[in-house]
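Report on the following structure.
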Amino acid sequence: MAEYSPKTQLYKGKLHEYCQKHKIQLDYKDVKVDGPPHDRVFTVMVVINGKEYPPATGKNKKDAKEKAAKAAWNIITQVSKQQLLFKTALQGSAEIEKPHDYLSLLSHYGQKNKKKIDYVLKEECGLPHKKTFSYVCKIDDKIYGEGTGNDKKAAKQAAAKCAYEQLTSEETSTSKEKSFLSGSFMYIPEQRHTPVANSANSGLSNSNDMSDSSSAYGTDSSSKNGSLVSHYYHIIVTFLFSPRRENTPKLAPTFSGAQVKEENKYTKNERFISDFEEIEPVGIGGFGNVFKAKKIIDKNSYAIKRVKWNEKKIHREVQALAQFEHKNIVRYYTSWRGKDYIDELPLFCPKSTGVSLCNRALILAGQRPRSDLLCDCLFIQMEFCEKGTLYDWINKKRGTENYQAESLIKFRQIVTGVEYIHSKKLIHRDLKPLNIFISSEDIIKIGDFGLVTSMTDDLRTTEKGTRLYMSPEQITKGDTYGPEVDIFALGLILFEIVWIFPTCAEKYMVWERIRNCKFPEEFNKKFPAEKLLIEKLLSINVAKRPSASRVLELLKLVDKKNPNSARTY
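This is the structure in structure tokens:
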């Protein structure tokens with residue numbers, strides 16, 4: 001593994017991903033060049049959304065850019081006033097959670113509420129000496145969770161955990177004021193990586209993929225699977241939303257017969273307010289916001305994406321979504337135009353592997369930054385995915401073992417969705433874990449079609465997408481490209497979910513090598529079949545990359561060749 005340690009911290013890569021994720025403009029400005037021809041000194045500065053950062057010098061332009069990126073990165077990640085607010089809330093809270101016995105929790109729930117709890121074996125597969133079990137948890141004949149494990153007890157425990165999380169989520173949504181002490185469960189700190197997620201947030205995502213190996217609070221959030229982050233998040237929200245007890249002076253008399261309509265603090269759009277209730281923000285990005293909202297008529301929850309009106313880009317996304325009807329594609333319901341504010345992403349935010357604590361807590365508290373004027377917006381109503389993104393799932397699995405069988409199940413669903421997109425003569429162009437969502441039924445849903453394009457176009461725009469997952473032909477200016485760009489991204493995604501790095505920092509250190517099919521030796525030995533498939537997907541020669549349909553066939557061969565891979569599809 002020593003060969004994978006880079007000499008630099010790759011701050012350019014970190015900064016680029018940060019700006020891509022939050023959809024803000026990143027530029028490098030050449031300030032000056034000093035010195036004689038044989039001993040030049042280059043000075044470069046980073047410019048983000050027009051804001052200039054301190055210049056840096058180097059013996060060549062590449063070195064100067066790296067140093068300038070480092071200077072900008074250090075400023076962006078420094079402690080801000082917003083972080084100080086959270087540190088106040090976090091003082092005295094250093095408790096680390098212990099694993100919970102979800103089987104016992106559900107048993108207690110069943111006894112108290114007179115519910116029948118059953119665990120049904122759904123599948124048993126693998127070699128005799130290396131079996132994988134899959135159980136579903138049923139409560140009064142309704143399936144609440146599914147889990148896999150190397151033995152029956154572990155699989156039941158995983159299913160119980162999934163059911164517990166769904167039940168607690170339901171109880172929270174039906175009565176936010178109730179404590180679990182007075183309800184079905186006794187309160188325990190959340191272990192889930194993502195308390196809320198949505199199917200439309202990709203570039204508006206909650207997740208911050210730019211985390212270093214340690215969080216803003218000095219703790220490795222990734223290696224602890226996000227549990228401490230979730231625990232802190234609960235403390236922060238409790239701190240921010242505790243009922244105010246001050247005696248507020250009354251400025252006018254109140255009359256018991258008068259009905260006063262409470263103003264919604266997240267939107268001014270009349271249709272949004274009249275058609276939906278329980279509107280909760282779940283994501284902020286450079287181009288818009290995403291909300292979870294319950295429709296008043298059918299009482300179902302949906303993801304509502306609110307974006308500034310940009311005729312070409314927005315039309316492209318809505319038109320793509322409207323024609324899709326597939327189990328592995330985020331479902332589109334309707335859209336409308338109207339006036340509203342757009343919440344803007346704070347530039348300085350603490351880092352975490354899940355929901356940005358700064359972003360999430362501030363917008364929930366109604367203290368989020370917002371544009372000053374009403375603007376023309378488009379609202380897109382879509383399927384809401386309770387289990388968040390594939391990126392969240394990856395973070396949850398950091399530091400764990402034996403997740404590869406589940407990874408292959410998810411990957412097959414991703415490829416099935418891509419096959420469908422390509423069958424419509426469209427290219428996604430921005431496939432990445434943040435744009436892939438997971439429903440409450442644990443079904444993969446591909447979303448965020450803001451960059452989708454037709455295969456019939458003669459020339460596609462270069463530099464569209466997230467550079468970490470871009471194919472070489474997407475990056476090269478002036479080249480035409482086709483659906484093979486999505487296949488290249490699939491290769492990177494497959495590696496990332498089969499070989500999950502302990503921290504994001506380790507991923508960035510070796511990512512360029514992975515793109516060039518230079519994998520860790522341990523990976524080559526442990527997953528030879530997956531290695532061969534990924535090499536095909538990452539082929540520099542576009543003609544050698546298999547189609548999505550062919551990838552599905554090759555996955556069956558991976559299943560046969562690799563004894564470590566449970567055949568579950």
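Letter by letter, the sequence shown follows residues 1 to 569 of UniProt numbering. Beta carbons are placed, not taken as given, at the ideal position from N, Cα and C, and that holds for glycine.
Within the same chain, show all residues whose beta-carbon is closer than 8 Å to that of residue i, passing over the 5 residues directly before and after it, in chain order.
i    : result
K536 : G491, K544, R545, P546 and L554
K531 : F519, F523 and N524
C19  : Q25, L26 and I48
N328 : Q413, I414, T416, G417, Y420, I443, I444, K445 and I446
G58  : V41, F42, V44, A64, K65, E66 and K67
Y119 : Y135, V136, C137, K138, K156, A159 and A160
Looking only at its chain, what residues have a beta carbon closer than 7 Å to the beta carbon of residue i, apart from the 5 residues adjacent to it on each side?
i    : result
H326 : G417 and Y420
D30  : V44
L374 : K268, K339, D340 and Y341
K61  : F42 and V44
V318 : S335 and I380
Where do the ends of the beta strand (DSSP E) carrying residue i lie?
i    : result
S301 : S301 to K308
R331 : Looking at the DSSP string, R331 is not in any beta strand (DSSP E), and its letter there is neither H nor E.
E123 : I117 to L127
S134 : K130 to I139
I143 : K142 to G149
E383 : C375 to E383
L26  : L26 to D34
V41  : V41 to I48
Buried or exposed: where does residue i fall if 16 or more other Cβ atoms within 10 Å of its Cβ makes it buried?
i    : result
I296 : exposed
S301 : buried
D39  : exposed
F393 : Looking at the sequence shown, residue 393 is not Phe but Trp. Answer is buried; the Cβ neighbour count reaches 16.
W511 : buried
T480 : exposed
L468 : buried
P281 : buried
K70  : buried
P483 : buried
K556 : exposed
D141 : exposed
H129 : exposed
N264 : exposed
N113 : exposed
With hydrogens ignored, establish whether the beta-carbon of residue i is closer than 7 Å to any heavy atom of the ligand HEM.
i    : result
W336 : With respect to the ligand HEM, the structure shown offers nothing to examine, as it has no ligands at all.
Note the first and the last residue of the continuous alpha helix (DSSP H) segment covering residue i.
i    : result
K12  : Y11 to H22
Q413 : Q404 to S423
Q474 : P472 to I475
L106 : Y102 to N113
D392 : L390 to K397
I444 : That residue, I444, is in no alpha helix (DSSP H); its beta strand (DSSP E) goes I444 to I446.
F523 : E521 to K526
D275 : E270 to D275
N74  : K61 to I76
V485 : E484 to V498
Would you mind giving the Cβ-Cβ distance between residue i and residue j, rounded to the nearest angstrom? I have them listed as a contact below 8 Å.
i           : j    : result
K161        : F133 : Going by Cβ atoms, the distance from K161 to F133 rounds to 15 Å, so no, they are not a contact pair.
I444        : K410 : 6 Å
I497        : S423 : The pair is not a contact, with the Cβ atoms about 24 Å apart (cut-off 8 Å).
Q166        : S439 : That pair is no contact at about 12 Å.
residue 571 : K12  : The structure shown does not extend to residue 571, since the chain spans only 1 to 569, so no value can be given for it.
Y144        : A163 : 4 Å
L390        : P433 : 4 Å
Using beta-carbon positions only, say whether residue i and residue j come within less than 8 Å of one another.
i    : j    : result
D376 : R316 : no
I314 : A293 : no
L15  : V46  : yes
I342 : N402 : no
A68  : P55  : yes
Q404 : T334 : no
F379 : F272 : yes
A320 : F384 : no
E123 : K131 : no
R306 : F291 : yes
V558 : L533 : yes
F437 : V330 : yes
K115 : Y109 : yes
Y53  : I75  : yes
Given residue i, which residues of its chain have a CB within under 6 Å of its CB, disregarding the five upstream and five downstream residues?
i    : result
S471 : V485 and F488
F501 : K507
S549 : E419
D34  : V41
R515 : none
Q111 : none
A322 : Y332
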